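Following: one structure in structure tokens, then a few remarks.
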Amino acid sequence: MSRAFNFSAGPSALPLPVLRKVQEELLNYRGTGTSIIEVSHRSDQFLEIAHRTEQSLRELLAISNDYWVLFMQGGSTLQFALVPLNLSRQGETVEYLCTGEWSSKAIREAARVRRAHVVATATNNIPSPSSWNRAENSRYLHVTSNETISGVQFHEFPSNLDVPLVADMSSDLLTRVVDVSQFGLIYASAQKNIGPSGLTIVIVRKDLCRPLEEGDSEYLNYRAHADTQSMYNTPNTFAWYVAGLVIDWVKKSGGVEEMQRRSVEKASRLYEVIDRSNLYSNTVDPRFRSTMNVTFSIEDETLRQAFLSEAEHANIKHIRGHRMVGGFRASLYNAVEWESVRALIRFMQEFEKERVGK
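Going from the sequence shown to the working numbering is simple: count from 1 and add 353.
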């Protein structure tokens, strides 16, 4: 079977060994005669998976017992509301840095339930913390570590803040070394580097979470999910199971240190081709270019359409840019192998040579 060179932004490529393991176990999980998606989330089989997955993630990211690790549903979009609801009270101020569309969405949702203050706004870079317009007495400061649409990424996070740092790491958790203790809360939907869609991981410092109060929704309270081991309601057992396999694959492949090395290498080589080109361009400040989502464009619309059509024939899939910005986007998540990146680079170079004679 021929596999495509898959650059989908999400749901995205999964490691081939993981897909094969899923295929092997799907009908008969470890001799039980049933699929793991056919049994209760309270069964011994699934509880073992849930426990192992959490412990493996804690080991991989050195997460201390000061933090809960929650496996939730609703995507990061639900977290846009849960973060302010759990880490602040009505009338309190929460701070946000706006660096793209996903942080904008987080701000809009937070503003529905709390007083959301934007410290700075940018589209192709990350403003220096010294330029931020900070609010007084805020409960936390929220950043989006990687903007998948524009391709802007934090390579260093702000330190020495006077409030807890909250990060949406949906597109780069498990791809880089992070000091979890630097954050009050990290959340990440799974469908980039962790597993299939339908699962969101929340790593939250226990002391930051509000207790359930009169008028609160119990389901929307982190403590309720922590108290029930992320099984307040029936979880997405399949996504949780696959996430566990992916986390094990990352560990066996050298951990997040190795994932980071690969990510930097893949992205650097692709940016090098773009920067040397007379056809392709990237407008992100090089200091903040994403190692996950490499965005680029071609000025001539006719050539843009030809590029997409010919890429499809070359078995290069899902490189059309987000509908809001157009152009092209190659998502280089952990499961995207060097073979795929080399195929894209060869195609880009050959396409340019044919069109502009370089």
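Ideal Cβ positions, reconstructed from N, Cα and C, are used throughout, including at glycine.
Values in this document were obtained by computation on a predicted structure and should not be read as measured data.
For PRO364, the CB contacts under 7 Å within the same chain, skipping 5 residues up- and downstream, are GLN544, PRO549, SER550 in chain order.
For ALA473, the enclosing beta strand (DSSP E) begins and ends at 468-474.
In summary, GLY453 is buried, with 16 or more beta-carbon neighbours lying within 10 Å of its beta-carbon over all protein chains present. Between the C-alpha atoms of THR553 and MET522 there is a straight-line separation of about 10 Å.
One thing to note: GLU445 has its Cβ within 8 Å of the Cβ of ARG468.
By the CB criterion at 8 Å, ARG622 and ILE669 fall outside the cutoff.
With fewer than 16 other Cβ atoms inside 10 Å of its own Cβ, ASN486 counts as exposed. By the C-beta criterion, the stretch 527-539 is judged to be in contact with the stretch 610-618, since at least 3 inter-stretch pairs fall below 8 Å. Boundaries of the alpha helix (DSSP H) around ARG576: 575-580. With fewer than 16 other Cβ atoms from the protein chains shown falling within 10 Å of its own Cβ, LYS605 counts as exposed.
Judged by their CB atoms, ALA577 and TYR585 are nearer to each other than the 8 Å cut-off.
In the three-state DSSP reduction, HIS508 falls in the coil class, being neither helix nor strand. In the structure shown, the three-state DSSP call for ALA366 is coil. Residue ranges of uninterrupted beta strand (DSSP E) with 3 or more members, entirely inside the stretch 628-692 and ordered along the chain, are 646-651, 681-684. Contact annotation, LEU379 with SER583: C-beta distance approximately 23 Å; criterion of less than 8 Å not satisfied. For SER498, the number of other beta carbons within 10 angstroms of its own is at least 16, and it is reported as buried. Assigned with DSSP and collapsed to three states, PHE536 falls in coil, not helix or strand.
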